[in-house]
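Engineer: When the sequence shown is numbered by the working numbering, its final residue is 106 and no position is left out of the sequence of numbers. Ideal Cβ placement from N, Cα and C applies to all residues, glycine included. Since the structure is predicted, the reported quantities are computational estimates derived from the model, not experimental observations.
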Amino acid sequence: MQQEQPKLKDLLEFPCDFPYKVVGLAHPELTDRVLAVVQQHAPGDYSPSIKPSRNGKYHSVSITITAQNIEQVETLYKELAEIELVRMVL
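(1) Please state the DSSP three-state secondary structure of residue 103.
(2) With DSSP collapsed to three states, give me the class of residue 93.
(3) Return the chain-ordered ranges of every beta strand (DSSP E) run that is complete within the stretch 54-85 and spans a minimum of 3 residues.
(4) On the DSSP bridge list, what partners appear for residue 34?
(5) Grouping DSSP H, G and I as helix and E and B as strand, with all else coil, what is residue 41?
(6) So, are the CB atoms of residue 101 and residue 41 less than 7 Å apart?
(7) What does the alpha-carbon distance come out to for the pair residue 33 and residue 79?
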């Protein structure tokens, strides 16, 4: 018998700090686009950390928000993934 995995909403107590790592093409607009989406749903003063891949083709943008509810967390995952330059949201 397989044990059911807990759902993300059951593991978090809101409000809480919630980190996102957005991996996308190494393009000058990537960080600005990520910040624009984050500001729509979690306005704040952010200083994302940007790390290039070994070959320089991709950048990862790490940003932590103060999440108010699970809907906000899920909406940000969805909208960050819809950015054209983005390849993955963790």
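Structural biologist: Taking the geometry as given:
(1) strand
(2) If DSSP states are grouped into helix, strand and coil, residue 93 belongs with the helices.
(3) 65-68 and 74-83
(4) 81
(5) strand
(6) In contact: residue 101 and residue 41 (Cβ atoms closer than 7 Å).
(7) 10 Å
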